[in-house]
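Residue numbers (my numbering), protein chains in the order written: chain D, 2 to 322; chain H, 2 to 322.
By construction, the Cβ of each residue, glycine as well, lies at the ideal position given by its N, Cα and C atoms.
Now the structure itself:
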């Protein structure tokens with residue numbers, strides 16, 4: 002379990018229960034399948050999304066069994082999208098470990114992702130309401146559409162901040178929003194409170210993804226545990242690049258006309274993005290989302306979990322960068 | 002619409018409504034996505050599974066809106082599995098048309114399949130009961146596990162009829178059973194009747210897949226609209242092969258030790274399978290399932306749709322082979 006939860010014993014013990022529940026639900030005769038999913042479960046992610054479900058559920062009438070089920074579903078939906086993303090990206094490692102597709106083959110990874118989707122809806126049908134299933138499946142459609150949009154816009158020279166924000170809204174913020182919303186709505190919180198938590202998730206998610214995208218331009222393989230500049234090499238232009246390209250259209254034109262980048266190109270682009278303050282501008286926008294998130298958190302009703310949410314958001318969004 | 006429905010105007014008009022419903026549900030801003038799914042919808046399949054939902058729903062209190070939604074879901078789940086299967090099989094064509102993965106790329110096909118899954122659960126949450134969603138997601142898990150089992154057993158020399166039957170039970174029969182069961186259960190048929198329809202679907206599905214698998218050994222690309230012997234080339238050993246290999250272990254040993262087959266190998270194997278009456282034996286087992294299906298259909302309560310189901314099963318299973 003990630004050390005981010007060390008100070009929150011109640012959240013941590015619930016997350017342990019969520020892990021047990023996931024283990025129970027992916028048990029199957031085929032041990033290869035079971036083991037490959039178990040590896041995903043133990044792969045050391047932060048478990049932010051299930052934690053958000055637990056936290057939001059505590060704003061209503063906390064029903065442990067229900068909250069844990071919903072949390073397990075959200076984490077497994079997240080796992081399913083990661084497995085399929087790795088197929089698309091041809092990724093060799095994730096979180097420092099070999100990916101399902103690299104270890105067992107792409108074919109296998111496609112079906113493992115599908116199997117995880119099915120398990121999620123099976124759990125939902127046993128523990129959630131029809132309304133929640135509707136919200137979940139709509140969210141998942143938006144996530145898929147976001148991923149497809151990202152595919153379609155690879156090496157697309159028509160850059161726009163708006164398109165980028167739309168893309169990360171689907172790709173990342175959606176599942177953060179869903180986590181906080183579902184926890185609230187299914188524990189009987191009012192519509193207004195559930196929607197407020199949805200918005201908090203959205204703003205945390207947007208800030209989180211923008212910050213993550215700046216790491217491609219400043220980080221190295223050690224500190225972010227993924228190959229630096231991986232998005233760039235795939236022709237995915239993120240916010241620091243977009244801001245920099247706006248400031249120096251002529252120089253970036255050369256790169257925007259290319260259909261693949263050499264290591265030398267990547268190095269030059271990183272220098273250019275820094276020179277034109279692409280990272281600084283991106284951080285400024287991340288800050289706006291962060292502030293919005295904190296303002297919305299401050300307006301939540303008094304509850305011990307309000308402080309937890311605030312502290313976790315601080316750890317995620319105000320980390321050293 | 003396939004001519005199999007020409008004599009059944011009521012079923013045909015409901016299937017037209019199912020197509021409209023699918024069109025409505027896959028509408029989205031991204032026209033590329035919408036068009037690629039529309040192509041799947043119009044690609045000229047028999048629409049057996051949605052027709053089974055419609056037929057079974059008529060054994061209860063027929064609610065057109067509900068029956069059409071469930072039928073659309075089953076057809077789209079089927080489409081999602083086909084899209085992902087084509088990714089795995091690297092298939093260039095299906096039903097005589099270029100596959101999504103061949104036309105738009107594998108990456109795109111993975112997400113299109115995922116998007117279809119999400120749309121299915123969104124429709125289910127609006128039109129079905131939690132119980133149905135549970136049954137559907139369990140069925141879909143079994144289908145995924147069946148596909149993974151098929152992947153795992155490629156070029157596996159430990160052949161067994163039992164494993165083969167398990168595999169096609171998950172791969173094909175499950176969705177046939179689910180179609181008839183869901184239609185019945187959601188239109189208020191008794192548990193016993195719903196289960197009887199499940200069994201009918203199972204037996205039709207088993208016979209259907211066995212017959213389809215014999216076509217790899219007798220058919221040609223024209224008559225079955227898929228490259229002959231495609232399964233064999235991928236190391237998927239179906240019933241005619243398994244029966245023949247049991248009769249002449251020594252000769253087949255040579256082929257079972259290989260990890261790929263040349264065109265010459267495939268030609269020789271087809272000759273051997275015919276020589277050892279693999280097709281005849283497979284047809285005999287298909288006949289058993291067919292007879293079981295007809296017996297179960299005969300025991301259905303009197304209803305105009307009983308005769309339709311029987312005639313359709315005859316067309317599918319007693320076709321010239």
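Within 8 Å, strictly: CB atoms of residue 144/H and residue 175/H = yes
Classify residue 98/H as helix, strand or coil using the three-state DSSP reduction.
-> strand
Helix, strand or coil: how does DSSP classify residue 225/H here?
-> The predicted model places residue 225/H with a pLDDT of 42, which falls under 50 and marks its position as unreliable; any figure quoted below should be read in that light. Residue 225/H falls in the helix class under three-state DSSP.
Between 2/H, 115/H, 248/H, 286/H, which lies nearest to residue 276/H when the distance is taken from Cα to Cα?
-> 248/H
Could you give the distance in angstroms between the alpha-carbon of residue 203/D and the alpha-carbon of residue 257/H?
-> 55 Å
Could you run through the stretch 125-151 of chain H and flag, in chain order, every residue whose CB is less than 9 Å away from some CB of chain D?
-> 125, 126, 127, 129, 130, 131, 132, 133, 134, 135, 136, 137, 138, 139, 140, 141, 142, 143, 144, 145, 146, 148, 149, 150
Take residue 227/D and list the residues in its own chain whose beta-carbon comes closer than 6 Å to its own, dropping the five residues that flank it on each side.
-> With a pLDDT of 47 at residue 227/D, under the threshold of 50, the modelled position of this residue cannot be trusted; read the value that follows with caution. None.
Look up residue 206/H in the DSSP assignment and say whether it is helix, strand or coil.
-> helix
In chain order, what residues of the stretch 152-179 of chain H put their CB closer than 7 Å to some CB of chain D?
-> 152, 153
Excluding the 5 residues preceding and the 5 following residue 200/D in the sequence, name in chain order all residues of the same chain whose CB lies nearer than 6 Å to its CB.
-> 297
By how many angstroms is the C-alpha of residue 163/D removed from the C-alpha of residue 225/H?
-> Residue placement at residue 225/H is flagged as unreliable, the pLDDT there being 42, under the threshold of 50; the coordinate-derived value follows with that caveat. Between residue 225/H and residue 163/D, the C-alpha separation is close to 49 Å.
Same chain, Cβ closer than 6 Å to residue 282/D, five either side skipped, listed in chain order | 244
Assign residue 93/D to buried or exposed, taking buried as 16 or more other Cβ atoms, counted over all protein chains shown, within 10 Å of its Cβ.
-> exposed
Over what stretch of residues does the alpha helix (DSSP H) that includes residue 114/D continue unbroken?
-> 107-128
Name the chain H residues whose beta carbon is nearer than 8 Å to that of residue 85/D?
-> 111, 112, 115
Note down, in chain order, each residue of its chain lying with its Cβ closer than 8 Å to the Cβ of residue 95/H, except the 5 sequence neighbours on either side.
-> 44, 83, 87, 227
Can you pull the chain H residues whose beta carbon is under 9 Å from the beta carbon of residue 88/D, in chain order?
-> 88, 107, 108, 111
Span of the alpha helix (DSSP H) around residue 142/H = 131-153
Which runs of the alpha helix (DSSP H), 4 residues or longer, sit entirely within the stretch 14-87 of chain D?
-> 32-42, 49-58
Decide if the stretch 40-60 of chain D is in contact with the stretch 181-188 of chain D; the criterion is three or more beta carbon pairs, one per stretch, under 8 Å apart.
-> yes
CB-CB length for residue 141/H against residue 78/H, believed under 8 Å = 6 Å
Interface residues of the stretch 19-42 of chain H facing chain D [CB-CB below 9 Å] = 29, 30, 31, 33, 34
Taking C-beta to C-beta, are residue 126/D and residue 131/H nearer than 8 Å?
-> yes
For residue 121/H, which residues of its own chain have a beta-carbon under 6 Å away from its beta-carbon, when the five flanking residues on both sides are left out?
-> 74, 77, 78
Can you give the beta carbon distance from residue 72/H to residue 19/H, rounded, assuming they're within the 8 Å contact cut?
-> 5 Å
Cβ of residue 147/D within 8 Å of Cβ of residue 168/D?
-> yes
Cβ of residue 74/D within 8 Å of any chain H Cβ = no
Which ranges does the alpha helix (DSSP H) cover as unbroken runs of at least 4 residues, wholly within the stretch 239-275 of chain D, from first to last along the chain?
-> 240-248, 250-257
Could you pull out every residue in the same chain whose Cβ sits closer than 8 Å to the Cβ of residue 171/D, ignoring the five residues on either side in sequence?
-> 143, 144, 146, 147, 148, 150
Could you spell out where the alpha helix (DSSP H) holding residue 236/H opens and where it closes?
-> Note, residue 236/H: premise wrong, no alpha helix (DSSP H); not H, not E.
Which residues in chain H sit within 7 Å of residue 104/D, going by Cβ to Cβ distance?
-> Those within 7 Å of residue 104/D in chain H number zero; the least Cβ separation is about 14 Å.
Can you give me the Cβ contacts of residue 29/D inside the same chain, cut-off strictly under 8 Å, excluding the 5 residues immediately before and after it?
-> 35
Contacting positions in the stretch 233-255 of chain D - beta carbon closer than 9 Å to chain H | none
Closest by C-alpha distance to residue 250/H, when choosing among 207/H, 110/H, 273/H, 197/H | 273/H
Close-in-space but distant-in-sequence residues of the same chain around residue 114/H (CB under 6 Å, 5 per side omitted) = 81, 84, 85
Counting only runs that start and end within the stretch 158-214 of chain D, where is the alpha helix (DSSP H) found for 4 or more residues in a row?
-> 162-169, 175-187
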